[in-house]
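>
Encoded structure:
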C-alpha cells in the first residue's frame, strides 16, 4: 500500500480517508497514518466500507477499550434505527424512539459518565432516500475564535451534565431505576485534549447548569456557547451513503442527527 489519501471537507475539520479497506487487518503503518489524520481533522469519513458488526468492532478496538451499550451491556454496538426487524417504520412515540430522538440535539457522547467516550464510530446500513444526515461542530475551532479575555472568563468554569435533561425534551420518561442510575456529573466547561494539547469547549444538550452561577445566567451562557459552536463556519453536514463509516473525536466535536 502506498499510503492513505486524506482530503479535508470541512472548513476547519472533517476529512475523507481513501485508499484503505477497513475489512482487512490494518498494518501498524496504515493505522499510524489514520490516527495522525484523526488527530488533525477530528472527524474521518471512510466511504462505502460496508463493514459487518464484527469488522467494525475489530477496527474500533485499534483505538482502545470499548464502552458497553447502554441498553444491552453485553454488546459493543448500539443500534440507532427507526426500523422494525421487518423493515417497517417504528412508532415515533414509542419509548425507544423518544429516547433516540434526543440525538437530534447537539451533544457529545456519554457526558453523563465520569470518563466520557473519547471516540465514537458510526456505520450507515439503511439510509433514507432523503434526510437523515449527521452534523458535527468543531468545538476546538469555536474556542480558538473567542477573544483571549472571553477565554479567560470561561476557562475554569464547571458545568453539570445531566443525561436525563436531553431526553426529557423529547417526552421520554425515565424509570425510577434509570433516574438513580444516570445522575448529573460535573465536567470542565473547557477541556484540554490529552493527545493534541488543544483546548475545546465542552457544552451541549446535556449541559444542565454552571456550578456556582445563578441558574438563569448559567442557562444563558450555555445557550450562547451552543449557538457559537454551531455557526456554519464550525459545522459540517454529512449526507450518508450506504456503507459509510465515520469516526469522530468527542474531545473535539459535538454532533447531532437530522
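In my numbering, the protein residues as written are 4 to 261.
Glycine included, C-beta positions come from ideal geometry on N, C-alpha and C.
The structure displayed is predicted, hence computed values, not measured ones.
Let me confirm a value: residue 209 is counted as buried when at least 16 other C-beta atoms fall within 10 Å, else exposed. Which label applies?
Walking along the chain shown from the start, residue 209 turns up at place 206. Label assigned to residue 209: buried.
> In its own chain, which residues sit with a C-beta less than 7 Å from the C-beta of residue 198, not counting the 5 before and 5 after it?
By one-based count along the chain shown, residue 198 stands at place 195. 42.
> Does the distance from the C-beta atom of residue 162 to that of residue 196 stay below 8 Å?
By 1-based counting over the chain shown, the position of residue 162 is 159. By 1-based counting over the chain shown, the position of residue 196 is 193. Contact check for residue 162 against residue 196 fails: the beta carbons are separated by 8 Å or more.
> Drop a sphere of 10 angstroms on the beta-carbon of residue 245, count the other beta-carbons inside from all chains shown, and report buried for 16 or more, exposed for fewer.
As a position in the chain shown, residue 245 is number 242, starting the count at 1. With fewer than 16 other Cβ atoms within 10 Å, it is exposed.
> Could you give the first and the last residue of the continuous beta strand (DSSP E) run that contains residue 262?
Any property of residue 262 remains undetermined from this structure, which presents the chain solely from 4 to 261.
> What separation, rounded to the nearest whole angstrom, lies between the Cα atoms of residue 257 and residue 238?
Reading the chain shown from its first residue, position 254 is the one you call residue 257. Reading the chain shown from its first residue, position 235 is the one you call residue 238. About 9 Å.
> Alpha carbon to alpha carbon, how far is residue 232 from residue 141?
Taking the first residue of the chain shown as 1, we reach residue 232 at position 229. Taking the first residue of the chain shown as 1, we reach residue 141 at position 138. CA-CA distance, residue 232 to residue 141, rounds to 7 Å.
> Once DSSP output is grouped into helix, strand and coil, what is the label at residue 251?
Numbered from 1 along the chain shown, position 248 holds the residue referred to as residue 251. Residue 251 falls in the strand class under three-state DSSP.
> Mind checking which residues open and close the alpha helix (DSSP H) that includes residue 153?
The count along the chain shown starts at 1 and reaches residue 153 at position 150. Residue 153 -> alpha helix (DSSP H) spans 151–157.
> Whole angstroms is fine: what's the gap from residue 145's alpha carbon to residue 203's?
Walking along the chain shown from the start, residue 145 turns up at place 142. Walking along the chain shown from the start, residue 203 turns up at place 200. So the two alpha carbons sit approximately 8 Å from each other.
> With residue 252 and residue 45 assumed to form a contact (beta carbons below 8 Å), what rounded beta-carbon distance in angstroms separates them?
Locating residue 252 in the chain shown gives position 249, where the first residue counts as 1. Locating residue 45 in the chain shown gives position 42, where the first residue counts as 1. That pair is a contact at about 5 Å.
> What distance in whole Å lies between the Cβ atoms of residue 243 and residue 136, which are believed to be in contact at a cut-off of 8 Å?
Residue 136 sits at position 133 when you count from the first residue of the chain shown. Residue 243 sits at position 240 when you count from the first residue of the chain shown. Right, their Cβ atoms sit about 7 Å apart.
> Give a yes or no on whether the C-beta atoms belonging to residue 49 and residue 9 are separated by under 8 Å.
By one-based count along the chain shown, residue 49 stands at place 46. By one-based count along the chain shown, residue 9 stands at place 6. Pairing residue 49 with residue 9 gives a Cβ-Cβ distance that is not under 8 Å.
> Under 8 Å Cβ to Cβ from residue 110, same chain only, skipping five residues before and after it: list those, please.
As a working mapping, residue 110 is identified with position 107 in the chain shown. Once the five neighbours on either side are set aside, the close Cβ partners of residue 110 are 169, 207, 208, 209, 257, 258, 259.
> Should residue 27 be labelled buried (16 or more other beta-carbon atoms within 10 Å of its own) or exposed?
Taking the chain shown and counting its residues from 1, one reaches residue 27 at position 24. Classification of residue 27: exposed, given that the 10 Å Cβ count is below 16.
> When you compare the CB positions of residue 205 and residue 192, do they come within less than 8 Å of one another, or not?
Here residue 205 refers to the residue found at position 202 of the chain shown. Here residue 192 refers to the residue found at position 189 of the chain shown. Contact flag set, yes.
> What residues in its chain sit with their C-beta under 8 Å from that of residue 3, if we drop five residues either side in the sequence?
Summary: the structure shown does not reach residue 3, with the chain confined to residues 4 through 261, and so no result is reported for it.
> Under 8 Å by Cβ, that's how I've got residue 29 and residue 248 pegged, so tell me the actual separation to the nearest angstrom.
The sequence position of residue 29 within the chain shown is 26, counting from 1. The sequence position of residue 248 within the chain shown is 245, counting from 1. In fact, because the Cβ distance is near 13 Å, the residues do not count as touching under 8 Å.
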